[in-house]
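J.: Below is the structure I would like to discuss, written out as structure tokens.
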Amino acid sequence: MDWRRFGIGRAHAKVILFGEHAVVYGAPAVAVPVPELAVNVTATRSADSTDCQVLFSAVEPDMVDRLTTPEKDLLEPAGQALRLLVANCLEVFEAEDSGVDLVIDCGIPTARGLGSSAACARAVVRALADLFDRKVDEKTCFELVQFSERLAHGTPSGVDAAATGAVTPILFRRGSSMPLTWGFDGVFVIADSGLASSTCDAVTELRERFDRDSGRRAYFIAQATRLAMGALRDIEKGSLPELGSKLTENHELLRDVGLSTADVDRLVVAAIGAGARGGKVTGGGTGGCVVALADDVEAALRISAELRSAGADATWMLRVRRPAAPAVNRRTWI
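Per UniProt numbering, the sequence shown runs over residues 1 to 334.
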């Protein structure tokens, strides 16, 4: 069997600009990779061929006492899901008799709607492929990450599994993704509300609400689809005012179905008041993060400061740029 002394895998966070929750029902979603927030995994052979140890190196013992209850509840299930993912990977790689140990250094805040579970899973897959010197195509990697995501979230759409490995913004729908091209130079400001967000719980609660009101579900999906497809055009044409307006409209759509909170709403208002083109809750909702669109770094710094003053635990800036060469027209598939 071909194997190395250790394997390295890496993946990054993601931010959903449009389509969260609606994507579960087949609507399109627009997601953006956030390479500044990353997870690195080191995989090594274990002396015990039947064992798999998973160590989250960023979680020190004394830190656990400072985590909120939802965050604590995620740690052991996350470790168990990754152990099952390892077993699945070893079967795919024809290395079932091998034991492995994983050290996971995750710089992505958990329970914030930034794709930490999918990013950890993707980095694990890549680390194991590197350890056993296996080539893994994107389709296989996506399917393995989805296996882990189903354990964590029940019925994931797949957008996190795709976006945590993307190098460009993507348009995602029904298991397929298409790369997008930025038509403008700008900055997205991401703010952590400090409130844990459970995507699984939010998806379940929204589904129950929609089961009681199918008309509301149809309206939500139709409006989310309209915003995502309109945003696609705004992104590639560089229409910042229109894109920002759609972000805010999408926030209102999510808020109206119970996916925002007073604290999150306050952050959105603060961002817009500081000059953001628009802003919204991102990810599972009911907490988590807010994303806002700024014209440039100077504006982003001003917006970040205002968000922290309004209660954000942390902020990050994601700069986006137009490509040097014109984008090639692609087929329309959605």
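Glycine included, each C-beta is placed from N, C-alpha and C at the ideal position.
Straight-line CA distance for Gly285 to Arg122?
T.: On the sequence shown, residue 285 is found 285 positions in, with the first residue counted as 1. On the sequence shown, residue 122 is found 122 positions in, with the first residue counted as 1. Going by the C-alpha atoms only, they are around 23 Å apart.
J.: Per DSSP, what kind of secondary structure is Lys135 in: helix, strand or coil?
T.: Residue numbering aside, residue 135 sits at position 135 when the sequence shown is read from its first letter. Coil.
J.: Helix, strand or coil: how does DSSP classify His251 here?
T.: Here residue 251 is taken as the residue at index 251 of the sequence shown, counted from 1. Note: His251 maps to helix in three-state DSSP.
J.: Can you give, in chain order, each stretch of the beta strand (DSSP E) that sits fully within the region 173-231 and has at least 3 residues?
T.: Within the region 173-231, the complete beta strand (DSSP E) runs of at least 3 residues are 176-179 and 186-192.
J.: Only counting the same chain, and skipping five residues up and downstream in sequence, which positions put a Cβ closer than 7 Å to that of Cys289?
T.: Along the sequence shown, read from residue 1 onward, the residue named residue 289 stands at position 289. Once the five neighbours on either side are set aside, the close Cβ partners of Cys289 are Arg112, Gly113, Leu114, Ile190, Ala191, Asp192, Ser193, Thr282 and Gly283.
J.: How do the region 299-318 and the region 197-209 stand: do at least 3 beta-carbon pairs fall below 8 Å, yes or no?
T.: In short, these stretches do not touch, since the Cβ pair count stays below three.
J.: Would you call the region 140-152 and the region 224-236 in contact, with 3 or more CB pairs under 8 Å?
T.: Output reads no: the region 224-236 does not touch the region 140-152.
J.: Between which two residues does the beta strand (DSSP E) harbouring Ala11 extend?
T.: Residue numbering aside, residue 11 sits at position 11 when the sequence shown is read from its first letter. Residues Phe6 to Phe18.
J.: With Glu36 as the anchor, note down where its beta strand (DSSP E) starts and where it stops.
T.: As a working note, residue 36 is residue 36 in the sequence shown. Ala29 to Arg45 is the extent of the beta strand (DSSP E) around Glu36.
J.: Name the DSSP bridge partner or partners of residue 360?
T.: This structure gives no information on residue 360, because the portion of the chain shown stretches from 1 to 334.
J.: Tell me the DSSP secondary structure of Arg331 in three-state form.
T.: Translated into the one-based positions of the sequence shown, residue 331 becomes position 331. Bear in mind that a pLDDT of 45 at Arg331, under 50, signals an unreliable position, so the number given afterwards is only what the model happens to contain. Coil.
J.: Can the beta-carbon of Leu293 be found closer than 8 Å to that of Leu243?
T.: Taking the sequence shown and counting its residues from 1, one reaches residue 293 at position 293. Taking the sequence shown and counting its residues from 1, one reaches residue 243 at position 243. Yes, the pair counts as a contact, with Cβ atoms nearer than the cut-off.
J.: Taking 8 Å as the threshold (C-beta atoms), are Val41 and Leu9 in contact?
T.: The residue labelled residue 9 in the question sits at position 9 within the sequence shown. The residue labelled residue 41 in the question sits at position 41 within the sequence shown. The sequence given here places Gly at residue 9; Leu does not occur at that position. Result yes, Cβ atoms of Gly9 and Val41 sit closer than 8 Å.
J.: For Ala324, does the three-state DSSP call read helix, strand or coil?
T.: The residue you call residue 324 lines up with position 324 of the sequence shown. The answer is coil: DSSP assigns Ala324 none of H, G, I, E or B.
J.: Checking the sheet assignment: what are the DSSP bridge partners for Val281?
T.: Here residue 281 refers to the residue found at position 281 when the sequence shown is read from its first residue. Val290.
J.: With DSSP as the reference, label Ala314 as helix, strand or coil.
T.: By one-based count along the sequence shown, residue 314 stands at place 314. If DSSP states are grouped into helix, strand and coil, Ala314 belongs with the strands.
J.: Please go through the same chain and pick out, in chain order, the residues whose beta-carbon is closer than 7 Å to the beta-carbon of Asp263, but skip the five residues on each side of it.
T.: As a position in the sequence shown, residue 263 is number 263, starting the count at 1. Excluding positions up to five away in sequence, the list reads Ser193, Leu195 and Gly311.
J.: With DSSP run on the structure shown, which of helix, strand or coil describes Arg150?
T.: The count along the sequence shown starts at 1 and reaches residue 150 at position 150. DSSP places Arg150 in helix when its eight states are reduced to three.
J.: Taking the alpha-carbon of Arg174 as reference, which of Asp160, Thr168 and Val187 has the nearest alpha-carbon?
T.: The residue labelled residue 174 in the question sits at position 174 within the sequence shown. Of the listed residues, the one whose Cα sits closest to Arg174 is Asp160.
J.: Assign Leu259 to one of three DSSP states: helix, strand, or coil.
T.: Translated into the one-based positions of the sequence shown, residue 259 becomes position 259. Residue state, collapsed to three classes: coil.
J.: I'd like to confirm the pairing. Which residues does DSSP put opposite Leu171 in its beta bridges?
T.: Locating residue 171 in the sequence shown gives position 171, counting from the first residue. DSSP output for Leu171 lists Val30 and Met178 as bridge partner(s).
J.: Using a threshold of 8 Å, state whether the C-beta atoms of Ile108 and Pro169 are closer than that.
T.: Here residue 108 refers to the residue found at position 108 of the sequence shown. Here residue 169 refers to the residue found at position 169 of the sequence shown. Going by C-beta atoms, Ile108 is not nearer than 8 Å to Pro169.
J.: The alpha helix (DSSP H) spanning Arg308 covers which residue range?
T.: For the purposes of this step, residue 308 is taken as the residue at position 308 of the sequence shown. Element bounds for Arg308: Val297 to Ser309.
J.: Is it buried or exposed for Val167, if we count other Cβ within 10 angstroms and need 16 for buried?
T.: Here residue 167 is taken as the residue at index 167 of the sequence shown, counted from 1. It counts as exposed.
J.: Can you check which of these residues, Lys280, Arg321, Gly279 and Ala314, is closest to Val297 by C-alpha distance?
T.: In the sequence shown, counting from the first residue as 1, residue 297 sits at position 297. Nearest C-alpha to Val297: Arg321.
J.: For Val54, collect the residues of the same chain with a Cβ closer than 7 Å to its Cβ; drop the 5 residues on either side in sequence, then sort them by chain order.
T.: Taking the first residue of the sequence shown as position 1, residue 54 is located at position 54. Result list for Val54: Gly79, Leu82, Arg83, Leu102 and Ile104, in chain order.
J.: So what's Arg112 in DSSP terms, helix, strand or just coil?
T.: What you label residue 112 is simply residue 112 of the sequence shown in a count that begins at 1. Correct three-state label for Arg112: coil.
J.: Assign Ala270 to buried or exposed, taking buried as 16 or more other Cβ atoms, counted over all protein chains shown, within 10 Å of its Cβ.
T.: In the sequence shown, counting from the first residue as 1, residue 270 sits at position 270. The residue is buried, with at least 16 neighbouring Cβ atoms inside 10 Å.
J.: Residues in the same chain with beta-carbon distance under 6 Å from Ala314, minus the five sequence neighbours each way, listed in chain order, please.
T.: Position 314 of the sequence shown, counted from the start, is the residue given in the question as residue 314. Within the same chain, Ala314 has close Cβ partners Asp192.
J.: Can you give me the Cβ contacts of Met178 inside the same chain, cut-off strictly under 6 Å, excluding the 5 residues immediately before and after it?
T.: In the sequence shown, the residue the question calls residue 178 occupies position 178. Closer than 6 Å at Cβ, skipping near neighbours: Leu171.
J.: Which one or two residues does DSSP pair with Arg126 in a beta bridge?
T.: The count along the sequence shown starts at 1 and reaches residue 126 at position 126. Paired residue(s): none; Arg126 is not in a bridge.
J.: Taking 6 Å as the limit between beta carbons, can you name the residues of its chain near Arg217, skipping five residues before and five after?
T.: Within the sequence shown, residue 217 is the residue found at index 217, counting from 1. Phe210, listed in sequence order.
J.: By how many angstroms is the C-alpha of Ser117 removed from the C-alpha of His12?
T.: The count along the sequence shown starts at 1 and reaches residue 12 at position 12. The count along the sequence shown starts at 1 and reaches residue 117 at position 117. Each residue's alpha carbon lies about 10 Å from the other.
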